[in-house]
Amino acid sequence: MTPTILIALAALAALVIFYLLPYTKENFENENVVNLKTGLDQLQNLKSQLENLEQDISNLSPNLLNLEEHKEVLGNLATNINTVSTTMLTNMKNIETQVLTNFNA
1299 MTPTILIALA ALAALVIFYL LPYTKENFEN ENVVNLKTGL DQLQNLKSQL
1349 ENLEQDISNL SPNLLNLEEH KEVLGNLATN INTVSTTMLT NMKNIETQVL
1399 TNFNA
């Protein structure tokens, strides 16, 4: 290749680079702006979710206190239910035994 052709190719390459450089820089900046806006939207969404969660926790607090206050009563109730069910099972077995004894007699 002759020096003239090389100079012409270099000049053409320089024109292409200088033409595309602002375009790509602008696209890059626009993409960054879009990403920043998307990130900001996501942060605002998370903030809203955290506020909702804080309100939910605040609403649950009185219920948790009520459960703590009634914990002993609930424990006694569970014990009583267990005792009654055990007694019922024993009585049913006794009845079954009596029925079988009477049937076989």
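Quick note: the sequence shown uses our numbering, first residue 1299, plus one each step.
Glycine included, every Cβ here is placed at the ideal spot set by N, Cα and C.
>> Measuring only the C-alpha atoms, how far is L1304 from V1314?
In response: Within the sequence shown, numbered from 1, the residue matching residue 1304 stands at position 6. Within the sequence shown, numbered from 1, the residue matching residue 1314 stands at position 16. Taking the straight line joining both Cα atoms gives about 15 Å.
> Taking just the CA atoms, how far does N1361 sit from M1386?
Replying inline: What you label residue 1386 is simply residue 88 of the sequence shown in a count that begins at 1. What you label residue 1361 is simply residue 63 of the sequence shown in a count that begins at 1. Between M1386 and N1361, the C-alpha separation is close to 34 Å.
> Roughly how many angstroms lie between the CA atoms of F1316 and T1302, to the nearest whole one?
Replying inline: Position 18 of the sequence shown holds residue 1316. Position 4 of the sequence shown holds residue 1302. Approximately 21 Å, taken between the alpha carbons.
> Which of the three DSSP states, helix, strand or coil, is assigned to T1388?
Replying inline: Working through the sequence shown from its first residue, we reach residue 1388 at position 90. DSSP places T1388 in helix when its eight states are reduced to three.
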